[in-house]
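*Asks:* I have a structure here, written as structure tokens, and I will follow up with some questions on it.
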Amino acid sequence: MLSALFEGEGTDGARLLQASIAGESLKGFALSPSKLLRVAVSLRVNRANSQNVVAVLEGRDSKLKKEYVALGAHYDHVGVGRAVNGDSIYNGADDDGSGTTALLAMAEAFAKGPRPKRSILFIWHMGEEKGLWGSEYFTNYPTVPLKAIVAQLNIDMIGRSKKADDANPKNKMLTGPDEIYVIGSKMMSTELANLSESVNSSYLNLRFNYHYDEPNDPERLFYRSDHFNYARKGIPIVFYFDGVHEDYHQPSDSPDKIDYEKMMKVTRTVFILASEIANALARPVLDKQLPPERMQR
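Heads up: the sequence shown runs through residues 48 to 344, numbered per the working numbering.
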């Protein structure tokens with residue numbers, strides 16, 4: 048089918064497929080409008096059970112504890128796959144071991160520190176790699192009222208940094224040691240966006256990169272992690288992401304390549320923002336609606 052689809056297009060379909068699997072940045076292009084393909088598809092359904100992991104730290108304020116700041120990461124990866132250099136175990140240290148452990152660290156910090164006014168909702172989502180399954184399920188069948196979730200902060204890949212002398216084109220969009228992509232913070236709540244900026248500038252002052260907030264982002268990063276299912280339900284979000292790199296969805300995404308200093312800085316920044324939201328007198332004001340084109344994946 049691949050060869051038929053790209054026949055006469057002047058583009059190597061197999062090369063595009065390999066580039067996509069490797070996580071390379073690709074630009075869209077139109078196929079010939081006169082082409083007609085008929086495809087017969089047969090499906091085999093496999094069923095398996097999995098679950099989200101959810102924990103709540105109850106707030107101290109008698110009224111505000113009924114509201115929640117949601118902190119999320121996904122604990123799944125792609126598992127065992129095509130062998131690369133004899134290795135078929137896809138470790139997922141950055142994607143999303145970095146977010147999973149960051150969430151654990153924040154849970155410990157909140158448990159040991161002063162209890163915030165609002166409750167904190169920790170969610171380790173399952174099935175993100177399969178299509179955001181865990182967050183879709185939670186937002187359709189929530190364990191707390193969705194209208195009580197005042198914001199959702201999503202941490203998906205925060206552990207890798209681009210070195211100054213790195214010329215690998217696969218790492219072109221990887222952020223530096225003191226840099227992180229911040230996605231979606233400005234889309235629904237100006238107040239949340241401003242608070243995110245002020246927390247960062249007054250604390251560790253990381254370089255916040257908003258490149259992927261562009262409406263025509265060809266990578267469609269806004270749609271590719273669990274925050275999306277919260278945003279489409281009207282919950283303001285912030286998504287933290289270090290960027291696609293050479294080890295994205297490869298067995299080589301291993302713990303020895305993690306920049307733990309950067310991971311700590313991002314985690315602390317998210318923790319402070321969550322604390323500020325949880326202790327604020329009022330929830331972040333929703334002053335913007337996602338446009339229709341942002342509501343569908």
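In this text, a Cβ means the ideal position worked out from N, Cα and C, and glycines have one as well.
Do ARG165 and GLY106 have their CB atoms nearer than 8 Å?
*Replies:* Contact flag set, yes.
*Asks:* Please go through the same chain and pick out, in chain order, the residues whose beta-carbon is closer than 7 Å to the beta-carbon of LYS280, but skip the five residues on each side of it.
*Replies:* THR186, LEU193, listed in sequence order.
*Asks:* Roughly how many angstroms lie between the CA atoms of GLY174 and ALA154, to the nearest whole one?
*Replies:* Roughly 22 Å between the two C-alpha positions.
*Asks:* At what residues does the beta strand (DSSP E) containing ARG254 begin and finish?
*Replies:* Taken as a continuous stretch (DSSP letters only), the beta strand (DSSP E) holding ARG254 covers 254-256.
*Asks:* Got a sec, what are the start and stop residues for the alpha helix (DSSP H) ARG129 sits in?
*Replies:* Taken as a continuous stretch (DSSP letters only), ARG129 belongs to no alpha helix (DSSP H), being part of the beta strand (DSSP E) at 127-131.
*Asks:* Applying the 10 Å Cβ sphere with the 16-neighbour rule, what's the burial state of LEU84?
*Replies:* So LEU84 ends up on the exposed side.
*Asks:* ASN215 to ALA327, Cα distance in whole Å?
*Replies:* Each residue's Cα considered, the two are about 44 Å apart.
*Asks:* Got a sec? Which residues, its chain only, sit under 7 Å from SER97 by beta carbon, not counting five neighbours each side?
*Replies:* Here the set comprises MET173, GLY174.
*Asks:* Let's test the definition: count the other Cβ atoms within 10 Å of the Cβ of ARG314 and tell me whether it reaches 16, buried, or not, exposed.
*Replies:* Checking the sequence shown, residue 314 turns out to be Thr, not Arg. With 16 or more other Cβ atoms within 10 Å, it is buried.
*Asks:* Locate the alpha helix (DSSP H) running through GLY178, then write down its first and last residues.
*Replies:* Start and end: 175-178.
*Asks:* So does the region 230-239 actually touch the region 253-263, counting three or more Cβ pairs closer than 8 Å?
*Replies:* These segments touch.
*Asks:* Bridge partners of HIS121, per DSSP?
*Replies:* According to DSSP, which records beta bridges pairwise, HIS121 is partnered with HIS172.
*Asks:* Starting from GLU226, trace the beta strand (DSSP E) in both directions and tell me its first and last residue.
*Replies:* Counting along the chain, the beta strand (DSSP E) containing GLU226 begins and ends at 226-230.
*Asks:* Any idea if LEU90 is buried or exposed, counting beta-carbon neighbours within 10 angstroms, 16 or more meaning buried?
*Replies:* LEU90 is exposed by the Cβ-count criterion.
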